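K.L.:
Numbering-wise, the sequence shown is residues 7 to 241 according to our numbering. Where a beta carbon is used, it is the ideal one built from N, C-alpha and C, also for glycine. Predicted model only: the values in this text are computed from it and were never measured.
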Amino acid sequence: MAFWYAFNEKHENYTHADDSRYYDPELKEQVDRDAQEAGVKQKSVANNDELLSYAAYVYATAVAIKVADYIGTTLGDLVKQTAKLGSSIYGKTIKPDLSIVDELLDGVKWSDRIWSNQDALRNDLKKMMKNALLTHSNPITQSPALRKKFGVMKYQSDRIIRTESDRVMAHQSVVNARDAGYKKVTWVINSGACDICLQHSGEVYTLKQADGMIPAHPNCLCSWAAYDSGDEVDE
């Protein structure tokens, strides 16, 4: 973070008294430029403390925007790939149901989780910057800690992708079976399935029952396959 280094250079002996002092216009301009580049709303500030809060808001929000865009694109691509695979398997043209990308999982949208993580990251960044300034810590030694905070958000985002990926692919698999004329699907586990999923292996459900059952837990990798008992396919 260039802003972080620049702020430290201009406030080598920072104290609590500096919180209420007028901010450096050049530092504010730097954050404004970064905000504009990232598509983050610019804000006015009155002092150094508010400038630090503004910087934490801008950089945490910029990360959240990138993560949300990446996850949305990734999930949309997975839906399309699953539909394409279904078309190949069943020999019929199957359209991807992209509406599933933004639907709820356990009453919460995945994007809401991203913004919740962003709020936590913003608060952590502000605390870390203030603590480093007041203890006169070397900004270089503090940088790994700041990067680690961004890394935590990446881990949380990867976890969301793993769980949400299975949700959208499972839904599209049900859509594939429906559009191919099947009325039921069977639960398919992956090779490293947990005890929760093992007990469901091979179970057969109607399409209505199946939709939303998978994922059974975070990081679940189960899926659905069309079930044909001889009279499931509509002629």
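How many angstroms separate the CA atom of Asn123 from the CA atom of Gly236?
P.N.:
When rounded, the distance between both Cα atoms is 49 Å.
K.L.:
Taking only runs of the beta strand (DSSP E) that begin and end inside the segment 159-183, which ones reach a length of at least 3 residues, in chain order?
P.N.:
none
K.L.:
Which first and last residues belong to the beta strand (DSSP E) in which Ser122 is found?
P.N.:
Ser122 -> not in any beta strand (DSSP E); alpha helix (DSSP H) instead, spanning Trp116 to Leu140.
K.L.:
In three-state terms, what does DSSP make of Ala232?
P.N.:
Correct three-state label for Ala232: strand.
K.L.:
Residues bridged to Trp10 by DSSP?
P.N.:
Note: Trp10 sits in no beta bridge, so no partner.
K.L.:
Can you tell me whether Tyr1 is helix, strand or coil according to DSSP?
P.N.:
The question about residue 1 has no answer, for the chain in this structure spans 7 to 241.
K.L.:
To the nearest angstrom, how far is it from the Cα of Thr79 to the Cα of His17?
P.N.:
41 Å
K.L.:
Taking 7 Å as the CB-CB limit, is Glu32 close to chain C?
P.N.:
Considering every chain present, this structure includes no chain C. It has just one protein chain.
K.L.:
Whose C-alpha, out of Tyr233, Gln162 and Ala23, is nearest the C-alpha of Pro224?
P.N.:
Gln162
K.L.:
Check whether the Cβ atoms of Lys132 and Ser59 sit closer than 7 Å, and answer yes or no.
P.N.:
yes
K.L.:
Report all residues from its chain with a CB closer than 7 Å to the CB of Tyr96; omit the five preceding and five following residues, and keep chain order.
P.N.:
Correct list, in chain order: Asn182 and Ala186.
K.L.:
So who's on the other strand from Thr192, going by DSSP bridges?
P.N.:
Beta-bridge pairing links Thr192 to Val210 and Ala231.
K.L.:
Taking the alpha-carbon of Ser26 as reference, which of Phe9, Ser207, Asp40 and Asp55 has the nearest alpha-carbon?
P.N.:
Asp55
K.L.:
With Lys72 as the anchor, note down where its alpha helix (DSSP H) starts and where it stops.
P.N.:
Asn54 to Tyr96
K.L.:
Please identify the residue among Arg184, Lys214, Tyr11 and Ala222 whose C-alpha is closest to the C-alpha of Thr99.
P.N.:
Each of Arg184, Lys214, Tyr11 and Ala222 was checked against the Cα of Thr99, and the nearest Cα belongs to Arg184.
K.L.:
Where does Lys155 sit, in a helix, a strand or coil, going by DSSP?
P.N.:
helix
K.L.:
Just the Cα atoms here: how many angstroms apart are Asp234 and Leu213?
P.N.:
13 Å
K.L.:
Between Val174 and Leu81, which are expected to be in contact by the criterion C-beta below 8 Å, what is the C-beta distance as a whole number of angstroms?
P.N.:
That belief holds up - the Cβ atoms of Val174 and Leu81 are roughly 5 Å apart, short of 8 Å.
K.L.:
Using the Cβ count rule (16 or more neighbours within 10 Å means buried), how would you classify Glu35?
P.N.:
exposed
K.L.:
Return the CA-CA distance between Lys115 and Asp108, expressed in angstroms with no decimal places.
P.N.:
7 Å
K.L.:
Who are the Cβ neighbours of Asp38 in its own chain at under 8 Å, not counting the five residues just before and after it?
P.N.:
A distance below 8 Å between beta-carbons, with the five flanking residues on each side excluded, links Asp38 to the following residues of its chain, in chain order: Gln48.
K.L.:
What residue range does the alpha helix (DSSP H) around Pro221 cover?
P.N.:
Neither: Pro221 is in no alpha helix (DSSP H) and is coded neither H nor E.
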